[in-house]
Every structure is written in structure tokens, then in C-alpha cells.
Amino acid sequence: MADHADEGIYAFALYSDEGAMTVCPSTNTKEFLATAPQRDLVYYTFEPAEWRYEADGADKEFNKICNELYDAIEADFPEDDDEDSDDDDEDDEDDEEFVEFQQTLYQTCHDVLLKLKQEDFFRKLAGRDIFLMFSVTDYEYDREKLKDMITLLNDNPYRQQYLDWMKTWRR
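Residue numbers (full-length UniProt numbering): 1 to 171.
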């Protein structure tokens, strides 16, 4: 991230997937945002999958995290190929345990971002507060939880822009 400070870093996110097998960083810059289609500028401003340094940075560390997540999922929640299984109660228990695992991962990512914010990590690195968020690909957050997360992680003009953008989303 420090290598790109002169590009006008304005946003950082951690993101995962619905299967809880990945955690990746994403960073965007004002320089890159200037190349985005103007008609969808708000989307490109706030969507980590569209950012300049998506899944870029600390590769070794994030690959290790992803490998550990994958191993945990495979060990704790093996796929049952037996379609004739009558173990619906066991499947329900596995589903509940997976959701707990998933939500713990998501909360941990949120907590890491909050800790970095409280330590002024990004202010020291980028020279200013930047937009922070946690995102999950192909997953729809509870909107109130998302609003609370954005509010807690951001004390900058991007917070209100994001909250205003949320108001335009279909229900």
C-alpha cells in the first residue's frame, strides 16, 4: 500500500466469499477511479472487486490465511456425496456450525479493520483517513448490519456517500 500512496489511495477493504474460504485485500486509488465509467462512478468507488489493487498485496500472508480457511472447511464440513443419507439432523447441525464459522470469519475481518482504524494505520500510511469496508462476493448483507459497519469504520465523507448510495438499491 505504501508503494501506491502517490496514486491517491482512498479506500481499503477486506473481502471474503460466501463459502468462507478466502480473505483478500483490495485497495483503490483516486488515480484509478478517474478511469472508471462516469455513469457508474459510485459503484466503482465502493465495489472492492472493481478496485485497482484487488487481491493485491501481502500475497504470501493472505495465501496462508486462505489455505488455512480451506483446510478448516474441508476438515470440519466435508461434502457428503451419499444422496441416500437419512442424516438430516446431522446436516442441519453441520449447516449451523458452518454459518457460525462463516459469521465468525466475517466478524473477525470487520474487527481487524476496526483495530487498524483505531490505530490510525491507514492515516499514517496514506496520510489521511480512507474508506474502509468488509465485503463478501455473491452475498447480500443485512442492510442494517452493513449500514452499521460502514458507519463504525468510516469518519469521512465517503461514509455518507456510501449510505446515500445504499438508498438507491432495490429491496
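Quick reminder that beta carbons are idealized off the backbone N, C-alpha and C, glycines included.
Where residue i sits in the DSSP three-state scheme
i, result
"Asn-67", "helix"
"Glu-54", "strand"
"Pro-37", "coil"
"Met-133", "strand"
"Ala-20", "coil"
Length of the line joining the Cα atoms of residue i and residue j
i, j, result
"Asp-76", "Asp-95", "11 Å"
"Asp-142", "Asp-148", "10 Å"
"Lys-64", "Ala-55", "14 Å"
Proximal residues to residue i (C-beta, below 6 Å), its chain only, five neighbours per side dropped
i, result
"Glu-7", "Thr-29, Glu-31"
"Asp-92", "none"
Distance CB(residue i)-CB(residue j) smaller than 7 Å
i, j, result
"Ala-11", "Ile-130", "yes"
"Thr-137", "Asp-17", "yes"
"Pro-48", "Ala-20", "no"
Classification of residue i by the beta-carbon crowding that lies within 10 angstroms, buried from 16 upward
i, result
"Thr-104", "exposed"
"Gln-102", "buried"
"Asn-154", "buried"
"Arg-171", "exposed"
"Leu-69", "buried"
Residues near residue i by beta carbon distance below 7 Å, same chain, minus five either side
i, result
"Leu-113", "Leu-14, Leu-132, Phe-134, Leu-153"
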